[in-house]
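Peer 1: A single structure is presented below for examination.
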Amino acid sequence: MKLRLRVDQDLCIGAASCVTIAPESFVMNAENKAEVLDHGAAQGGPSYERIIEIAPEELDTIILAAQACPTLAVIVEDIETGEQLYPPV
Amino acid sequence: MIALPEFRPFRVLGKTPLTERSFALFLVPDDGAPIAPFRAGQWAMLRLRNPDGTPWGQAAFSFVTAPSAVMTSLEFGIKRAGEFTRRLDALQVGDVLDLRGPYGVFTPKEEEKELICFSGGIGVTPFVCMAREIAAGGLARTMTLMTSNGGEYSAPYLHELRNLAAATPALRLVETFSSTAPEGWTGERGRIDAAMLARQFPSFTDSEIMACGSADFLGGVMAALEQRGVSADRVVREKFF
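Residue numbers (this note's numbering), protein chains in the order written: chain A, 1 to 89; chain B, 1 to 241.
Here it is in structure tokens:
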């Protein structure tokens, strides 16, 4: 499945919960904000948003990472259905 | 399974003024459980309640208590700036709020290097925590903290930092005052700039650099560091609002 994974940089205050739970998908930068990775890689350079292809069994970890954010700064969207998986809309 | 922090009730133990516009808030757990371990530089989310107990709002504040000195209470240094902090300031001893944490990775990491920190105003709080932890023997680092404040009386924790630096060989404090320096002051004056950095820091080569303050403060520090040859990705920043 394909996800659009985004960190709202205005909301992110550096809790790093997402990095703790899903280090393959998130990394902290020098501004103390989380950036998005694609399976540990930052192809094309650092980014607060990526479209990534994941196996279905990887989804739980990413959703848990998003849920762990105390400011709801991690947004997970299923590209194929257009559904925002987290936070619930 | 990773244990995520949950909100826990904490009771107000006391408040003391730091400056005209800031105060220290002391909290103790209200559920009988111990305080969760944290590292110097981390923070907690504080959540205020409505009269009916439902959540009113939340905001993040750095721990000021040295981790190795935590016994029964936690200290947060808070600047009154907006409705949330006004309500925090209105809390009375015994009132209960909710605390979730610790969070964050604004923590010293490169153990072998000198720690060089820059703070603007209330952005000093995570560094007070680090300085206290160094003084308490819980953090084996050499630290230079450069504080920037409008004046001496608007500088949170300044007197404590002076005392800590005087008593702790591993701590060096450099102060600058951007508007009103104390009478007879012979130290730095004005905002942090490249010339000031050149006077105070012979080199940034073997150092871990951290900065905390407002966006305006961080912009000035980053520009000054860049002029001294320090790239932005070497400076870990935490923006305070």
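Beta carbons are placed, not taken as given, at the ideal position from N, Cα and C, and that holds for glycine. These figures come from a predicted structure and were not determined experimentally.
Determine whether the Cβ of A:A68 lies closer than 9 Å to any Cβ atom of chain B.
Peer 2: As a working mapping, residue 68 of chain A is identified with position 68 in the first sequence. So, interface residue.
Peer 1: Tell me where the beta strand (DSSP E) around B:Q92 begins and ends.
Peer 2: Start at 1 with the first residue of the second sequence, and residue 92 of chain B comes out as number 92. First-last for B:Q92: undefined, no H or E at that position.
Peer 1: Counting only beta-carbon separations shorter than 9 Å, does B:L197 have a partner in chain A?
Peer 2: By one-based count along the second sequence, residue 197 of chain B stands at place 197. Closer than 9 Å: no.
Peer 1: Have a look at A:E77 and A:P46 and give me their C-alpha separation to the nearest angstrom.
Peer 2: Your numbering for residue 77 of chain A matches position 77 in the first sequence. Your numbering for residue 46 of chain A matches position 46 in the first sequence. Cα to Cα, the separation comes out at about 20 Å.
Peer 1: Could you list which residues in chain A have their beta carbon closer than 8 Å to that of B:A3, in chain order?
Peer 2: Along the second sequence, one-based indexing puts residue 3 of chain B at 3. None at all; the shortest Cβ gap to chain A is about 10 Å.
Peer 1: Go ahead and pull the three-state DSSP assignment for B:S62.
Peer 2: Translated into the one-based positions of the second sequence, residue 62 of chain B becomes position 62. Three-state DSSP puts B:S62 in a strand.
Peer 1: With H, G and I counted as helix, E and B as strand and the rest as coil, what does DSSP make of A:Q67?
Peer 2: Position 67 of the first sequence, counting from 1, holds the residue named residue 67 of chain A. Looking at A:Q67 - three-state DSSP - the assignment turns out to be helix.
Peer 1: Please determine, among B:F106, B:V70, B:Q58, B:G123, the residue with the shortest C-alpha to C-alpha distance to B:V28.
Peer 2: Your numbering for residue 28 of chain B matches position 28 in the second sequence. It is B:V70.
Peer 1: Mind checking if A:M1 is an interface residue toward chain B, Cβ cutoff 9 Å exclusive?
Peer 2: Within the first sequence, numbered from 1, the residue matching residue 1 of chain A stands at position 1. So no, A:M1 is outside the interface.
Peer 1: Who are the near neighbours of B:P182 in its chain, counting only those whose CB is closer than 7 Å to its CB and skipping five residues on each side?
Peer 2: Taking the second sequence and counting its residues from 1, one reaches residue 182 of chain B at position 182. Excluding positions up to five away in sequence, the list reads E152.
Peer 1: I want to verify the contact list: residues of chain A whose CB lies under 8 Å from the CB of B:R237, in sequence order.
Peer 2: Within the second sequence, numbered from 1, the residue matching residue 237 of chain B stands at position 237. Going along chain A in sequence order, the residues near B:R237 (Cβ under 8 Å) are A30, E31, N32.
Peer 1: List the whole-angstrom C-beta distance separating B:L171 from B:I134, where the pair is believed to meet the contact cut-off of C-beta under 8 Å.
Peer 2: Here residue 171 of chain B is taken as the residue at index 171 of the second sequence, counted from 1. Here residue 134 of chain B is taken as the residue at index 134 of the second sequence, counted from 1. Yes, B:L171 and B:I134 are in contact; Cβ-Cβ is about 6 Å, under 8 Å.
Peer 1: Could you please tell me which residues of the segment 86-115 of chain B, in chain order, have their CB closer than 7 Å to any CB of chain A?
Peer 2: Against chain A - using a Cβ distance shorter than 7 Å - the residues of the segment 86-115 of chain B are R100, Y103, G104, V105, F106.
Peer 1: Just mark B:E188 as buried or exposed, buried being the case when its beta carbon has 16 or more other beta carbons within 10 Å.
Peer 2: As a working mapping, residue 188 of chain B is identified with position 188 in the second sequence. Looking at its Cβ environment, which holds 16 or more other Cβ atoms inside 10 Å, B:E188 is buried.
Peer 1: Against chain A, does B:D233 count as a neighbour if the rule is that its beta carbon must be under 9 Å from one of theirs?
Peer 2: As a position in the second sequence, residue 233 of chain B is number 233, starting the count at 1. Interface residue, yes.
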